[in-house]
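First up is the structure itself, then whatever we jot down about it.
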Amino acid sequence: MSVIIQPGIAASSKPIEKRVVLKTKTGEQVRATLNLQDENGRLSAAEYLDHLYISIKEKLGEVVLARLDTAVDANNIPEIKKRILYVAAFHDSMFGTFNRTSSLPEQERTEFIEIFLLAVATLIPDTFILVDLASGRVIEGAGLN
């Protein structure tokens, strides 16, 4: 087992438990309970979400504005919530990714859901997170416990 030592970053005393629920427009739900070792993955999660967001926009032929600064702001929660909703809504409407019946192969679907919900849990600060595609909101903490 390898241990990565990162100077200046204090290790968390215990894992951070997060629960994420994604509710589709038709009312189906996918859920994940995740234990994050620490909060050091925020930048990677933000870069992953940014990659999905830009890739979808480009595939749809939408204009993607060039950015001089390619760094992703992992702390801009309102923008992150917009991107979470955009990516989830696209996958829900195009592939039915979050429904029991999906056009994606099952392994690909499962892997996408796991990684996507992990990114959501890593980026949104609360421990209970609802991504509600019907209302178009990412809700932190409300009524999920």
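Its first residue numbered 18, the sequence shown is counted upward by one per residue in my numbering. Quick reminder that beta carbons are idealized off the backbone N, C-alpha and C, glycines included.
Would you call residue i buried or exposed, if buried means 16 or more other Cβ atoms sit within 10 Å of its Cβ?
| i | result |
| --- | --- |
| residue 37 | buried |
| residue 132 | exposed |
| residue 68 | exposed |
| residue 109 | buried |
| residue 77 | exposed |
| residue 24 | In this prediction, residue 24 has a pLDDT of 49, which is less than 50 and means its spatial position is unreliable; what the coordinates show is noted afterwards. Looking at its Cβ environment, which holds fewer than 16 other Cβ atoms inside 10 Å, residue 24 is exposed. |
| residue 47 | buried |
Starting from residue i, trace the beta strand (DSSP E) both ways and give me its first and last residue.
| i | result |
| --- | --- |
| residue 234 | Shown here, the chain extends from 18 to 162; a query on residue 234 therefore has no answer. |
| residue 49 | 46 to 53 |
| residue 34 | 33 to 40 |
Tell me whether residue i counts as near the ligand ATP, meaning its Cβ is closer than 6 angstroms to at least one heavy atom of that ligand.
| i | result |
| --- | --- |
| residue 115 | The ligand ATP is absent from the structure shown, which contains no ligands of any kind. |
So the alpha helix (DSSP H) residue i belongs to, where does it begin and stop?
| i | result |
| --- | --- |
| residue 75 | 59 to 76 |
At the level of alpha carbons, what is the spacing between residue i and residue j?
| i | j | result |
| --- | --- | --- |
| residue 127 | residue 55 | 24 angstroms |
| residue 89 | residue 156 | 22 angstroms |
| residue 99 | residue 79 | 16 angstroms |
| residue 75 | residue 35 | 32 angstroms |
| residue 44 | residue 65 | 26 angstroms |
| residue 147 | residue 40 | 7 angstroms |
| residue 144 | residue 57 | 16 angstroms |
| residue 49 | residue 61 | 19 angstroms |
| residue 104 | residue 125 | 16 angstroms |
| residue 154 | residue 42 | 12 angstroms |
| residue 113 | residue 97 | 22 angstroms |
| residue 53 | residue 122 | 27 angstroms |
When you compare the CB positions of residue i and residue j, do they come within less than 7 angstroms of one another, or not?
| i | j | result |
| --- | --- | --- |
| residue 150 | residue 106 | yes |
| residue 137 | residue 94 | no |
| residue 71 | residue 81 | yes |
| residue 59 | residue 139 | yes |
Just checking: is the beta-carbon of residue i within a distance shorter than 7 angstroms of some beta-carbon in chain C?
| i | result |
| --- | --- |
| residue 137 | Absent from the structure is chain C; it holds one protein chain and no more. |
Next on the checklist: To test your reading of the DSSP string, which unbroken beta strand (DSSP E) runs of 3 or more residues are found completely within the segment 93 to 152?
Outcome noted: Qualifying beta strand (DSSP E) stretches, in chain order: 145 to 149.
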